[in-house]
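A short worksheet on the structure shown next.
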């Protein structure tokens with residue numbers, strides 16, 4: 001994945017990495033909001049109907065919906081160079097209860113539910129915060145180009161053109177104002193310089209959040225790998241004296 005390539009924090013805002021991370025996080029907010037709504041609705045409705053005997057077969061369909069939504073998320077990550085494969089346990093061909101048990105005890109399905117359902121809100125809030133910070137920095141850097149296009153506001157009988165970076169209840173020169181009012185080019189250039197320095201933090205934040213998000217997606221949506229598999233294989237293999245008859 002391109003986001004895994006380490007870059008210097010000083011050159012990070014001028015590279016393509018923050019914009020790739022921005023696209024990664026924004027696509028998650030748009031697409032996975034719909035996936036979360038589908039998974040939450042289907043799972044809750046099917047589990048509620050399963051309390052009735054007629055609704056038990058719907059649990060099989062609910063598991064298939066979860067798997068389908070997880071596949072959509074895997075395809076989304078591939079657009080950004082991240083390869084995530086799926087691995088589900090085979091389901092028995094006969095026996096309704098056996099099929100339901102096999103699907104809902106499959107660790108892959110449970111991890112899909114954790115990623116698409118339980119982690120949606122924390123990831124969405126974290127992604128949104130990183131996106132707002134980065135886009136605010138970009139808008140601030142370009143402030144000298146558009147501050148004079150802001151809508152005029154009446155203060156003390158005359159119009160004031162500018163951008164309010166703060167709270168000014170009585171106008172830019174009135175009492176009780178907090179912040180900076182950008183109403184001329186020198187002030188806009190000064191604030192653009194400040195936002196340029198702040199963009200170092202914004203770029204680092206959006207790329208770091210995207211890396212964390214992609215790591216969680218890879219851990220939960222990829223096939224499960226036992227960390228003790230190698231040690232178990234060594235213990236199960238015959239020793240230097242061979243196996244006993």
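Numbering (the UniProt record's numbering), first residue to last: 1 to 245. The beta carbon of each residue, even a glycine, is placed where N, CA and C say it ideally should be.
Quick one: is residue i buried, meaning 16 or more other Cβ sit within 10 Å of its Cβ, or exposed?
i, result
"residue 85", "exposed"
"residue 14", "exposed"
"residue 146", "exposed"
"residue 81", "exposed"
"residue 48", "exposed"
"residue 125", "exposed"
"residue 241", "With a pLDDT of only 48 at residue 241, under 50, the local geometry of the prediction cannot be trusted, and the value read off the model is given with reservation. Residue 241 should be labelled exposed."
"residue 16", "exposed"
Cβ atoms of residue j and residue i: under 8 Å apart, would you say?
i, j, result
"residue 40", "residue 117", "yes"
"residue 210", "residue 25", "yes"
"residue 12", "residue 203", "yes"
"residue 31", "residue 76", "yes"
"residue 100", "residue 54", "no"
"residue 188", "residue 182", "yes"
"residue 9", "residue 200", "yes"
"residue 21", "residue 207", "yes"
"residue 150", "residue 132", "no"
"residue 123", "residue 102", "no"
"residue 50", "residue 43", "no"
So which of the options has the shortest CA-CA distance to residue i?
i, options, result
"residue 220", "112, 92, 87", "112"
"residue 73", "43, 115, 54, 223", "115"
"residue 205", "48, 186, 103, 128", "128"
"residue 46", "37, 62, 167", "62"
"residue 218", "87, 122, 44, 16", "87"
"residue 120", "9, 134, 33", "33"
"residue 197", "104, 134, 223", "134"
"residue 148", "194, 216, 186", "186"
"residue 214", "83, 71, 16", "83"
"residue 194", "165, 104, 92, 23", "165"
"residue 190", "143, 130, 23, 71", "143"
"residue 78", "92, 212, 91, 27", "27"
"residue 23", "222, 130, 178", "130"
Would you say residue i reaches chain C, if we count a Cβ-Cβ gap shorter than 8 Å as a contact?
i, result
"residue 118", "No chain C is part of this structure, which consists of one protein chain only."
Alpha helix (DSSP H) runs wholly inside the stretch 190–226, at least 4 long, in chain order: none
Residue ranges of each alpha helix (DSSP H) within the stretch 84–131, 4 or longer: 96–104, 107–113
Touching by the beta-carbon criterion (3+ pairs, under 8 Å), the stretch 95–111 and the stretch 123–140: no
Cβ contact (3+ pairs, closer than 8 Å) linking the stretch 60–77 and the stretch 101–112: yes
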